[in-house]
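So the sequence shown is numbered by the working numbering: it starts at 22 and just counts up by one. Glycine included, each C-beta is placed from N, C-alpha and C at the ideal position. Quick caveat, the model's predicted, so the values are computed rather than measured. Okay, so here's the structure we're looking at.
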Amino acid sequence: MKRSMMCGEVRANHAGQTVVLQGWVHSVRDHGGLIFIDLRDRAGIVQVIVNPASAADAHQIASDLHDEYVVEIRGQVERRPAGSENPRIATGEIEVHAQQVSVLNPCLPLPFPVAEEAQVDERVRLQYRYIDLRRPRMVRNLELRHKVNKYIRDFLSAQGFLEIETPIMANPTPEGARDYLVPSRLHPGCFYALPQSPQQFKQLCMVGGLDRYFQIARCFRDEDLRANRAAEFTQLDLEMSFVEQEDVLGVCEALFTGLTESLSTKKVLRKPWPRITWQEAMDRYGSDKPDLRYDLPIVDVSSVVADSSFSVFSGAVGSGGVVRGLRAPGAGSFTRRQIDELIELAKAQGARGLAWAVPGPELRSSFGKFLSEGEQSALWQAMGARAGDLVLFVADRVEVARASLGALRRDVALRLDLIPQDVMAWAFVVEFPWFEATPDGGLTFMHHPFTMPFDDDVHLLDTDPLKVRAKAYDMVANGEEFASGSIRVHRADIQSRLFELLGYSPERIQSNFGHMLKAFQYGAPPHGGIAPGLDRVVGVLVDEDSIREVIAFPKNQSVQDLMMGAPTEVQADQLEDLHIRVVEPVTAS
Ligand code: ASP
């Protein structure tokens, strides 16, 4: 028989019709004669009743059913008796009275229930992902993911973008991680690299005159896993020719505002989205991915306390550091224990200590006694502090002050319950530094090496590279980074100079990037792009903390596929074909 409709689609207007349904036994209950089956497919659940008086054979089969058996039911749709409707499910007005029940496939005892939203160990879920995918939460997440992809495709197509696929087996393109390598059988000793991103190809699409490119692209980065990163992930990669920064940001802003508003219940907090310089983000919010759902700005009070009698403050300023503060409104009631927790948090970010005060008629403070009344009131005024607030200060190197106050800002917002959950505070962070210093005294890129420096800063490349700003931008929301992008270098001379400053040898430049430098000399247009991480976008829209919840078949934290058993050893002859010999790692004893 062929199914006549999906289980989740039966409605009151089908009453009286005979239907054929196929699906999984979500649950089965024997109510002393009558057997009730909740039958489920992707569309939802419908209640089936098997009555021994009217369908003896069907009842016989139904009495042997267990959870997750795959069955076919033929029966008549009837309205439920008044009072027994179930408004919580879309099929809740009706029930199906079975005439025939057949088992299409039985099911072994389950490793975890599908029917209950029980907490199940993630390892077990990933090992039996095909069962996990049947759970309503996963169906909802993957349906949303599909809608996001479709929205993106429709939106960008309407804006003249072409969806273009680029190779998976390619050569290395640096995004700051290790490459996954694929050995070549035909070229012994040579390897392809899986793309860390399609960066070079999309730029070459622009050189190829394609003007506006996008791809829902799989990227691979062999890095030590940090929370919410995957070795294999999906990004919306896009690139545009003859554009400036605002053109790229404008497309992103319209796309992600639309996505948020049409596919989630969240509101976009500010329109147009704020553009914040990296410097301001770091100084005011202590983070390059500031959470703008709440304000709580960090305030620099160095000039107020430069000559303070409190030597911790004046000493920090005197030695080139800063004194910065955070006002926690109304947190003057925090207990000593809560304040100690804040101190520990600041120390975990490298701060030597945390000075605190609760201004008011009876000042409570770790340092107040070292300041004159005049100094105190100047400080409270600079902080905008009122009686009953808690003010926190870090006196340290600027990097330490940023990191520790940034962490405190998040923590205080949580403690004071200042974070609205139903909004997306989208924003762009712009004007990143091009370089950052490496621990060994060298330079590395902050975004990637194809980013155009600010025109006004190009002259600093040779004299003061750490001051060079990049035409790079991040798309952030709610304290997370969702995308990075930049206006690209399209001139071979600037690109070569940047590679040199990164310390790449002429041989490496030639072998890894010679093709780019060559292409730039054949009429490369000015271009730029961005690449939002889709797993994260879908995750935030459905309020999932882990991106594994929005990926159908994710790897675990150790980059293993527990269901398929990957990675795995391979046959010796396969290695032979690939000219590869495995050297066992030497384990330190
Ligand atoms: N390729 C960059 C990345 O994957 C994004 C971009 O610059 O477009 O982060």
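Three or more beta-carbon pairs under 8 Å between the stretch 422-430 and the stretch 290-310, yes or no? Flag = yes, the stretch 422-430 and the stretch 290-310 touch.
Contact test: Gly-506 Cβ vs the ligand ASP heavy atom, cutoff 7 Å: yes
Going by alpha carbons, who is nearest to Glu-452 out of Phe-503, Ala-491, His-468? Ala-491
So, are the CB atoms of Pro-547 and His-511 less than 8 Å apart? In contact: Pro-547 and His-511 (Cβ atoms closer than 8 Å).
If contact is defined by three or more beta carbon pairs under 8 Å, each pair taking one atom from either stretch, is the stretch 555-566 in contact with the stretch 161-170? These segments touch.
Any heavy atom of the ligand ASP closer than 7 Å to the Cβ of Gly-381? Taking 7 Å as the cut-off, one finds no heavy atom of the ligand ASP near enough to the beta carbon of Gly-381.
Strictly by DSSP, which residues pair up with Arg-100? Ile-115
For Ile-601, count the other beta carbons within 10 Å of its own beta carbon; 16 or more makes it buried, fewer makes it exposed. Which is it? So Ile-601 ends up on the exposed side.
Beta carbon proximity, Phe-541 to chain C, threshold 8 Å: Absent from the structure is chain C; it holds one protein chain and no more.
In the DSSP assignment, find the alpha helix (DSSP H) that holds Trp-455 and state where it starts and stops. No alpha helix (DSSP H) contains Trp-455, which DSSP labels as neither H nor E.
May I have the straight-line CA-CA distance separating Gly-409 from Ala-352, to the nearest angstrom? 7 Å
Going by the C-beta, is Ile-624 closer than 7 Å to any heavy atom of the ligand ASP? With the chain running from 22 to 610 in the structure shown, residue 624 is simply not present.
With the cut-off set at 8 Å, would you say Gly-96 and Val-117 are in Cβ contact? Yes; because the gap between Cβ atoms is below 8 Å, this pair is in contact.
Based on the DSSP secondary-structure assignment, which residues constitute the bridge partners of Val-92? Gly-44, Val-124
State yes or no: is the C-beta of Met-473 within less than 8 Å of the C-beta of Glu-457? no
Beta-carbon within less than 7 Å of Leu-257's beta-carbon, same chain only, minus the 5 sequence neighbours each way: which residues are those? Ile-173, Phe-235, Ile-237, Ala-552, Pro-553, Leu-555
Does the Cβ of Thr-356 have 16 or more other Cβ atoms within 10 Å, making it buried, or fewer, making it exposed? Answer is exposed; the Cβ neighbour count stays below 16.
In the structure shown, what three-state DSSP assignment does His-208 receive? Three-state result, His-208: coil.
Would you call the stretch 533-550 and the stretch 574-584 touching, i.e. three or more CB-CB distances under 8 Å? no
Identify which residue in Arg-161, Ser-340, Arg-32, Gly-181 has its Cα closest to the Cα of Ser-262. Gly-181
Keeping to the same chain, check which residues put their C-beta closer than 7 Å to that of Glu-565; ignore five residues upstream and five downstream. Asn-162, Val-571
Compute the distance between the beta-carbons of Gln-224 and Phe-471, then report whether it is under 8 Å. yes
Exposed unless 16 or more other CB atoms sit within 10 angstroms - verdict on Val-604: Counting C-beta atoms within 10 angstroms of its own C-beta, Val-604 has fewer than 16 neighbours from the protein chains shown and is therefore classed as exposed.
Here's the rule: buried if 16 or more other CB atoms are within 10 angstroms of the residue's CB, otherwise exposed. What is Ala-587? The residue in question, Ala-587, is exposed, as its Cβ has fewer than 16 Cβ neighbours within 10 Å.
Determine the contact status of Ala-611 and Val-333, defining contact as a CB-CB distance below 8 Å. Given that the chain is displayed from residue 22 to residue 610, the structure contains no residue 611 and the question cannot be resolved.
How big is the Cα-Cα spacing for Tyr-494 and Ser-505? Going from the Cα of Tyr-494 to the Cα of Ser-505 covers about 6 Å.
By the 10 Å Cβ neighbour count, where 16 or more other Cβ atoms means buried, how is Cys-211 classified, buried or exposed? exposed
Verify the contact flag: His-469, CB atom, against every heavy atom of the ligand ASP, threshold strictly below 7 Å. yes
For Arg-490, name the three-state secondary structure that DSSP assigns. strand
Does the distance between the C-beta of Glu-196 and the nearest non-hydrogen atom of the ligand ASP fall short of 7 Å? yes
Thinking C-beta only, is Pro-193 closer than 8 Å to Ala-214? yes
Nearest neighbour of Gly-342, chosen from Glu-420, Asp-438, His-47 [CA to CA]: Selected option, being the one with the closest Cα: Glu-420.
Tell me the rounded alpha-carbon separation between Met-27 and Asp-59. Using only the alpha carbons, I get a separation of about 13 Å.
Kindly confirm or deny that the stretch 277-295 and the stretch 521-539 touch, where touching means at least three C-beta pairs closer than 8 Å. no
Please state the DSSP three-state secondary structure of Val-320. strand
May I ask whether a heavy atom of the ligand ASP can be found less than 7 Å away from the beta carbon of Gln-516? no
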